[in-house]
Structure formats: structure tokens, C-alpha cells
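Have a look at the structure below before the remarks.
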Amino acid sequence: MKLQQFLKSNAIAIVAAITIGTTMSFKLAGSPEGQDFYYDNESLSEGAFQNANNWTTQNKSTECVIKGERPCKITVPEGSSLERIIGSKSNIQVLEISKGRKP
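So the sequence shown is residues 1 to 103, counted in UniProt numbering.
Encoded structure:
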């Protein structure tokens, strides 16, 4: 009896919550996080990390680690480009936004 009364008095809120939950699950499933790029060069010289030609979409070398002198991976959001993300940054700034490092 109390359950029916609760459902009747909160029917609109329950339907709204279900609708929002369903809508959000479709948005989350349909929105890719972006594309991963991996640093694929041995150079540590200033400007090397911001050069898009030194990055690739496949990690051909070692896995990302916590410590290292080179960046490992950068995720570029959909609608952006690698050049937009790293093009105007210094090596230190690229290291700061990189996910992990390469030795």
C-alpha cells in the first residue's frame, strides 16, 4: 500500500530519472574519448615534443612508465588535432600533459 502511494506521488520524478539515465547512457556510449598518439622519437631537443611528425597512433616501443625523459601518450579529443594540442607548447609543457613517460 505504501509502495503504491509512493509511486503515485513520485511518478513524474521517477519517469524523469529513468529518461535522464537512459539518455545519458546513449550519450556516453556514443561519444569517443578521442585518439591516442604516442611519441615515437629518441630526440630530447627543444621543440621535438611539439613536432607532430614525431608522434604516431601506434605505440611501437616500450610501454608508458612513471619516470622518463620523453612523453609517452597524449589523447586528442574528437574535433581537435595533435597540432592544436602540442603545437605551441614547450617540451616541459608537453611532458606535463602527457600520460606517462618513456625512458
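We put the CB at the ideal spot given by N, CA and C, even for glycine. Keep in mind it's a predicted model, so treat the numbers as computed, not measured.
Cβ-Cβ distances below 8 Å link VAL65 to CYS72, GLY100, ARG101, LYS102, PRO103 in the same chain, with the five nearest sequence neighbours on each side left out; the list follows chain order. Spanning the alpha carbons of LEU82 and ILE20 requires a straight line of approximately 34 Å.
Checking the DSSP bridge columns, you'll see ASP36 partnered with THR75. Check the Cα spacing between ASN51 and each of GLY87, THR57, ALA17: the tightest is with GLY87. Straight-line measurement puts the Cα of SER90 at about 17 Å from the Cα of ASP40. Where LEU44 is concerned, there is no enclosing alpha helix (DSSP H), because DSSP gives it neither an H nor an E.
For THR57 against GLN35, the beta-carbon gap comes to about 6 Å, under 8 Å, which counts as contact. For the pair PRO77 and ALA11, the Cα-to-Cα distance works out to about 39 Å. Taking C-beta separations shorter than 6 Å and ignoring five residues to either side along the sequence, the partners of GLU46 in its chain run ASN91, following chain order. As computed with DSSP, LYS99 is found in a beta bridge with LYS73.
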